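To keep things clear, I will list the structure first and then write my remarks on it.
Residue numbers (the working numbering): 2 to 457.
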């Protein structure tokens, strides 16, 4: 009987688990290979081929055994049939690979071997395996615990027993189109299933088509992460943020109004006292902006971001977005010329308030980091309107540029200047809600450019 063994890799391709059967097959002890690159098993000159196998692990042929030569401890090269299964977290990010090595090209999917059965049995996720006709042939204990069924109640049934009213026909059509697509072979997304008693269970579901040695589908594998706890925590988080922001805005309004009254009515105060009041006012406005950012970000993350689209004037939106920066002491250019009201004309269909806020947040970042000048370029393109905001600051690294739109991420300079790290993330939320996209161009030597496109 041909031997089989499995190993696991981390997302970078380093070995994190090496089965006993592989120790016999390849001659290495697990302590000799843990932490090494998978490519260390590649015969001389085949390293790039091994790396390509991992990169292609999401293709439709990933689970089909491939004849591959592996380097053994004694220096010999033995041929095995290799199957690769990428593992992803609830956000779709790759965190591991499971590899199966077999001495024969078996028609039985490698996921049904003894190694997989152990993973299947003890997984914290609900796992179901069906035949090619969609009839359930096995489920793990987590599946039974999650949905409240006994094993005999689901074996032989179609997974449609879990279907809820939230899952439309269109959703299932898209799901099976992706799963049966030879170029894809899987579907991943959030749905709401029904437990035995009618209780709704939100899950992150992944369904994969499992193929035999001829590339034909013979099983389907479904893995569902129960998101009930996450949904409850998200609801509590939203309620908490709404409560905090509401309670913050009351005192802030009082501070802002009274500070403005002091500046207007106390005409005989010293310049030093006046500056202190202005600091109070500026600080209150900054906290109010942070509170608004938290609220908008919370709504966007919860899927409650609503747009009120209408015809809006570009000139008016730009005027309102730029107004707070007039006294910055830095020049502001519009399409290469000094900005003045009416520098740009035209209308677009958008949520004017959110477009103004997106521009304000990008302006805020630019004026914060600019040495002396901020520039705005507005272009009418086939897809809509393109906005590009540049500054003449010292720029950012490529590493920072890759994460600049991530929530709460701040560069070293951003940490020094304060803020919650949500401004640019909110820009991304607002722009993508309009169907557009955002990008950043690190400056060559100095400065950077933020761009976004609003369709229409």
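Just so it is clear, CB atoms sit at the ideal spot from N, CA and C, and this is done for glycine as well.
No experiment lies behind these values; they were computed from the predicted model shown.
- Going by DSSP, residue 73 is part of no alpha helix (DSSP H) at all; its letter is neither H nor E.
- Boundaries of the beta strand (DSSP E) around residue 439: 438-443.
- Distance from the CA of residue 97 to the CA of residue 209, rounded to the nearest whole angstrom, comes to 16 Å.
- In the DSSP secondary-structure assignment, residue 220 is bridged to 132 and 211.
- C-alpha of residue 456 to C-alpha of residue 137: approximately 45 Å in a straight line.
- Taking C-beta atoms under 8 Å as the contact rule, residue 448 and residue 393 qualify, at a distance of about 5 Å.
- Note that the C-beta distance between residue 363 and residue 390 is below 8 Å.
- Sixteen is the threshold: since fewer than 16 other Cβ atoms of the shown chains lie within 10 Å of the Cβ of residue 247, the residue is exposed.
- Distance between residue 85 and residue 142, taken at the CA atoms: about 25 Å.
- Counting only residues of its own chain and dropping the five nearest sequence neighbours on each side, residue 124 has a CB closer than 7 Å to the CB of 141 and 143.
- Fully contained in the segment 135-210 are the following alpha helix (DSSP H) runs of length 4 or more, in chain order: 142-148, 152-155 and 170-181.
- C-alpha of residue 355 to C-alpha of residue 296: approximately 13 Å in a straight line.
- The Cβ neighbour count for residue 268, taken over all protein chains shown within 10 Å, is under 16; the residue is labelled exposed.
- A contact between stretches requires three or more CB pairs, one per stretch, nearer than 8 Å, and the segment 328-347 fails this requirement with the segment 422-430.
- Beta-bridge partners assigned by DSSP to residue 81: 69.
- Closest in alpha carbon position to residue 148, among 197, 180, 164 and 178, is 197.
- Shown here, residue 225 sits in a strand according to DSSP, grouped into three states.
- One thing to note: residue 385 has its Cβ within 8 Å of the Cβ of residue 437.
- If you look at residue 392, you'll find it in the beta strand (DSSP E) that goes 385-392.
- DSSP places residue 318 in the helix class (H, G or I) of the three-state scheme.
- For residue 185, the closest of 57, 21 and 351 by C-alpha to C-alpha distance is 57.
- Closest in C-alpha terms to residue 194, from the list 183, 188, 187 and 206, comes 206.
- Sequence-distant partners of residue 52 (beyond 5 residues in either direction) whose C-beta falls short of 7 Å from its own C-beta, in its chain, are 40.
- Counting C-beta pairs with one atom in each stretch, the segment 297-308 and the segment 233-249 have three or more that are closer than 8 Å, which means they touch.
- Taking the Cβ atoms as the reference, residue 336 lies roughly 35 Å from residue 280, outside the contact range of under 8 Å.
- Annotation for residue 280: the continuous alpha helix (DSSP H) segment containing it runs 272-302.
- In this structure, DSSP gives residue 8 an extended state, which the three-state scheme calls strand.
- In the three-state reduction of the DSSP assignment, residue 351 falls in the strand class.
- Counted as a single uninterrupted DSSP element, the stretch harbouring residue 425 is not any beta strand (DSSP E) but the alpha helix (DSSP H) occupying residues 424-434.
- The beta-bridge partner set that DSSP reports for residue 98 consists of 10 and 87.
- Straight through space, the alpha carbons of residue 102 and residue 226 are spaced by roughly 28 Å.
- Here the alpha carbons of residue 6 and residue 134 stand approximately 29 Å from one another.
- Residue pairing by DSSP puts residue 374 in a beta bridge opposite 332.
- Taking the Cβ atoms as the reference, residue 348 lies roughly 6 Å from residue 313, within the contact range of under 8 Å.
- For residue 294, same chain residues with a beta-carbon under 7 Å away, outside a window of 5 residues either side, are 421, 423, 424 and 427 in chain order.
- Taking 8 Å as the cut-off, the beta carbon of residue 441 is found no closer than this to the beta carbon of residue 431.
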